[in-house]
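Residue numbers (UniProt numbering), protein chains in the order written: chain D, 1 to 237; chain H, 1 to 237; chain Z, 1 to 237; chain L, 1 to 237.
Here a beta-carbon is modelled for each residue, glycine too, at the ideal position from N, C-alpha and C.
Please read these numbers as outputs of a predicted model, since none were measured by experiment.
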């Protein structure tokens, strides 16, 4: 499978604390545990954000991490990604990617939520234990410190709700949710604030690996849309 | 309730056959059976397509009919309508409105389908018989002649599927489907090609009346989103 | 509306601590805030558990609280209740009623869950803020002390997920969920362990009041099932 | 994979017309195209209906065809099958199996529908074109003659709606629907009246083959249910 990992890649460059956690960037940390696939990475400040048509055409699953520069993603490139998703490319949106242009345009809502940075314990409870994305997990994943995201999360009713998070400070969040849009499968997965070593956690890695398998590009033939002939000539009857 | 009926209003002006069916426009035909509400109408060729903020602010349900000039609806006005829907205004999208900018931007998909103009009989079967939108109906609604719309209909999985249509020529279609987006409720209802007297049908009128009641503006308080304090001071523990 | 509140009514009789909280039984405590309706109550140890056909025929919504004597509910009476639900009677299942025969037979699953009695704080977060059952609520309901129920909750995917609970000890739970079965609407609502004064909480009362409105008996005509004639004589074609 | 095909096997014995279509029984016709798996068959009139615990324990997917003798399936055996489904065994229910005890007990509804035997053309339209069950299909499957099943179909809202049928005589039907119950996956697939050669159709075979792959036994660990300890000792706080 061809995986393309896109990272905004600003925090790691501008903030020493973040760089200590992800010295080569979040994209490289994610790439390191997906090596059974052919993995490429792309970042915001590359030409065309590193997202050429050639690149996207061969991508089976695009993984997206962005946070503070969503607005700098060009509208035309967002439109292009959206077309690829609707044509069958899988999309995994991580953490603060909930506010990315691509996710919001596929959801049709504000994707708003509550948040707090307070080094809180998070427990991601599995609520769909037979879903392929939860394969190999126990009842929950525990992260010692993470940013909190809380309900209400303004998304359409998910096709499937897979994880619900508990946070030390008193909130809950639908942390793993899936959506079909066109021929593409979308998995939103909450954890992964830039200042915590979340993507080194083996269970989080397992979920992303499972997610990649689940979301893989769909090669179903495109339906014939538009003006069609009848089953039999109605006028003959 | 304040209902605003928006109509493209081009077919009726440009095509004599259509004008015979809807001499004052489809919007006026729909307005005539919603008179228990305060009803206003707006059309594409009015200034700002007849859709001022003042107008939308007081609208409980917006009904939308458009067909051949979707592209002429200005993007900023479409964005404005979307904001109002997400803030609680109900939206009923009729027939060829499936391809309108507002519907596509709320769905996130192409909203593509099959179609055929062949004067076919249509039967709309009720598959959710206890839904408020089907109140007062029998097992199905029959329309002697309509344009055919056929699956696959490229929309997200609906929150609720209420009607499934049968067409004489051999196709089926999810003809009545609902979606929640933000605080707004959306009802897509298939029938109503401009050349047929569909909106004079008493059962079709009943569905639209029921739909207006179901979709009425939601006045739920907007959730507090953004940065929040914890339930109790975590640092004290 | 005619509301029938069914209570096992054993804890309150056998346990002094519980009797202090609900001196006249949980059923009477619930009845006291539904007085705008015509309310009757029934308990396990009455003849036929207080559930005659006459009684059920006129009931718009049945509220069910049971805990330690689920097995003593007679199978035939459970079957009768189920028929009434499928014919349109609303059903609100409270707390430990998740293990009642009636709920399990409508769900088709074990309805298993985790639990703990440890005087924990519970926060019920609203995840469907425009649902009629949440009308009048803020972002969450807080209960100072409750029994914990935790995921995984072995139910079918709910039609709607309205509340998700956070518990002090580290768990989450889908606390408010709805299901349609036949013509009946079912609302499962988690809180209400017998040793806590939960049903005196004004917001919990509000949810149950809203639930009663939402679940009210459906008078939609029963569909004609069975052997039917074709739309037109096929053989003539 | 171990597949167990259960057939009532009465029509084929009692009715010469049916026997001409399926000389060795519907179960043998289905077995013949699943030969890449280890396939066993069982029928109503065998001891314990051919369904021992030993048999079910090793079964990955159970396929069920029954029609006129649903009542003769013993309740205890139905309960046993249900337990196996909830523990992860896949279940494919065919055609008139909608009225089987096992399907009704997993659904919790009457599973009622309309029907007509009139040699009608059926078209099964794919409405979820990227679902694994539709892999390899075109836009629809056409059957020249089948029994008609029509809406309303009294089932819970399906987790996924995959096929919708069109019938010559004027009806529609949700012909392919899926449900999760416990750890088991259930696929209901409509076609297959005993008097038509439906199970020799290559596309119908393809759907059943795909369905078997999709429904295969889930080996996810069973969640720990019941009384649990807290995340941390609450009393220490």
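Q: Mind checking who residue 184 of chain H pairs with in its DSSP beta bridge?
A: Answer is H:181.
Q) If you count every other CB in all the chains shown that lies within 10 Å of the CB of residue 32 of chain D, and 16 or more means buried, which is it? A) Under this definition residue 32 of chain D is an exposed residue.
Q: Following the continuous beta strand (DSSP E) through residue 121 of chain L, name the residue where it begins and the one where it ends.
A: Bounds of the beta strand (DSSP E) holding residue 121 of chain L are 114–126.
Q: For my contact list, residue 128 of chain D and residue 162 of chain D are in at a C-beta cut-off of 8 Å; report their separation, rounded to the angstrom.
A: Confirmed, about 5 Å.
**Q.** Other residues of its chain near residue 146 of chain Z: CB distance less than 7 Å, five sequence neighbours each side excluded
**A.** These residues qualify, in order along the chain: 120, 122, 191, 193, 196, 198.
Q. In whole angstroms, what is the alpha-carbon distance linking residue 43 of chain Z and residue 10 of chain Z?
A. If I take the Cα positions, the gap works out to 9 Å.
(Q) Please identify, using Cβ separations under 7 Å, the residues of the segment 63–94 of chain L that lie next to chain D, in order along the chain. (A) Residues: none.
**Q.** Whole-angstrom distance between residue 164 of chain D and residue 168 of chain Z, CA atom to CA atom
**A.** For residue 168 of chain Z and residue 164 of chain D, the distance between alpha carbons rounds to 15 Å.
Q. Hey, is residue 171 of chain Z's beta-carbon within less than 9 Å of any beta-carbon in chain H?
A. In terms of beta-carbon proximity, residue 171 of chain Z stays away from the interface with chain H, with every pair separated by 9 Å or more.
Q) With a CB to CB cut of under 6 Å and the five nearest residues on each side skipped, what residues in its chain are close to residue 218 of chain Z? A) The beta carbon of residue 218 of chain Z lies closer than 6 Å to those of 88, 183 in the same chain, with the five residues before and after it left out.
(Q) Does residue 48 of chain L pass the burial test, meaning 16 or more other C-beta atoms within 10 Å, or should it be called exposed? (A) A residue is called buried when at least 16 other Cβ atoms come within 10 angstroms of its Cβ; residue 48 of chain L does not meet this threshold and is exposed.
**Q.** Buried versus exposed, by CB contacts within 10 Å (16 or more), residue 4 of chain H
**A.** Result: buried.
Q) Using a Cβ-Cβ distance under 9 Å, would residue 179 of chain L count as near chain H? A) So no, residue 179 of chain L is outside the interface.
Q: Leaving aside the five residues before and after residue 200 of chain H along the sequence, list all residues of the same chain whose C-beta is less than 8 Å from its C-beta, in chain order.
A: Answer for residue 200 of chain H: 29, listed in chain order.
Q: Enumerate in chain order the residues of its own chain whose CB-to-CB distance from residue 72 of chain D is below 7 Å, with the five nearest sequence positions on each side excluded.
A: Counting only residues of its own chain and dropping the five nearest sequence neighbours on each side, residue 72 of chain D has a CB closer than 7 Å to the CB of 44.
Q. Would you report the Cα separation of residue 17 of chain H and residue 150 of chain H, rounded to the nearest angstrom?
A. Taking C-alpha positions only, residue 17 of chain H is separated from residue 150 of chain H by approximately 25 Å.
Q.
Between which residues of its own chain and residue 117 of chain H is the CB-CB distance below 6 Å, once the five residues before and five after are set aside?
A. Taken in chain order, the residues that qualify are 147.
Q. Do the segment 91–109 of chain Z and the segment 125–141 of chain Z make contact, defined as three or more Cβ pairs closer than 8 Å?
A. By the C-beta criterion, the segment 91–109 of chain Z is judged not to be in contact with the segment 125–141 of chain Z, since fewer than 3 inter-stretch pairs fall below 8 Å.
Q. Which residue or residues does DSSP assign as beta-bridge partners of residue 42 of chain H?
A. Within the DSSP bridge table, the entry for residue 42 of chain H names H:6 as partners.
(Q) I want to verify the contact list: residues of chain H whose CB lies under 7 Å from the CB of residue 123 of chain L, in sequence order. (A) At a C-beta separation below 7 Å, residue 123 of chain L has these neighbours in chain H: 170.
Q: Please go through the same chain and pick out, in chain order, the residues whose beta-carbon is closer than 7 Å to the beta-carbon of residue 135 of chain D, but skip the five residues on each side of it.
A: Within its own chain, the residues whose Cβ lies closer than 7 Å to the Cβ of residue 135 of chain D, once the five positions on either side in sequence are excluded, are 210, listed in chain order.
Q | Euclidean distance between Cα positions of residue 36 of chain Z and residue 26 of chain Z | A | The straight-line gap from Cα to Cα measures roughly 18 Å.
Q) Quick one: what does DSSP say residue 174 of chain L is sitting in, helix, strand or coil? A) Three-state result, residue 174 of chain L: strand.
Q.
Taking the straight line between their C-alpha atoms, what separation do you get for residue 227 of chain L and residue 153 of chain Z?
A. Each residue's alpha carbon lies about 13 Å from the other.
Q: Report the option in H:181, H:170, H:179 whose CA atom is closest to the CA atom of residue 229 of chain D.
A: Among H:181, H:170, H:179, the Cα nearest to that of residue 229 of chain D is on H:170.
(Q) For a minimum of 4 consecutive residues, which ranges assigned as the alpha helix (DSSP H) are wholly contained in the segment 65–114 of chain H? (A) Contiguous alpha helix (DSSP H) elements confined to the segment 65–114 of chain H occur at 75–86, 101–107, taking only those with 4 or more residues.
Q: Spell out the partners DSSP gives residue 146 of chain D in its beta bridges.
A: Its beta-bridge partners are D:120.
Q: Assign residue 7 of chain Z to buried or exposed, taking buried as 16 or more other Cβ atoms, counted over all protein chains shown, within 10 Å of its Cβ.
A: With a 10 Å radius around the Cβ and a threshold of 16 neighbouring Cβ atoms, residue 7 of chain Z comes out buried.
Q. DSSP on residue 225 of chain H, reduced to helix/strand/coil?
A. In this structure, residue 225 of chain H counts as coil in the three-state DSSP scheme.
**Q.** Short Cβ contact (9 Å threshold) for residue 220 of chain H with residue 59 of chain Z
**A.** No, Cβ-Cβ distance for residue 220 of chain H and residue 59 of chain Z is not below 9 Å.
Q.
Determine, for residue 165 of chain Z, whether the minimum Cβ-Cβ distance to residues of chain L falls below 9 Å.
A. Not closer than 9 Å to any Cβ of chain L, the Cβ of residue 165 of chain Z fails to qualify, so no.
(Q) Quick check: is the beta carbon of residue 223 of chain Z nearer than 9 Å to any beta carbon in chain H? (A) By this cut-off, residue 223 of chain Z is an interface position.
Q: For the beta strand (DSSP E) holding residue 165 of chain L, just list the boundary residues, first then last.
A: Start and end: 160–167.
Q: State yes or no: is the beta carbon of residue 152 of chain Z nearer than 9 Å to at least one beta carbon in chain L?
A: Output row for residue 152 of chain Z: interface = yes.
Q: Compute the distance between the beta-carbons of residue 80 of chain H and residue 53 of chain H, then report whether it is under 9 Å.
A: Yes; because the gap between Cβ atoms is below 9 Å, this pair is in contact.
Q | Backbone CA spacing between residue 140 of chain H and residue 178 of chain H [nearest angstrom] | A | Between residue 140 of chain H and residue 178 of chain H, the C-alpha separation is close to 18 Å.
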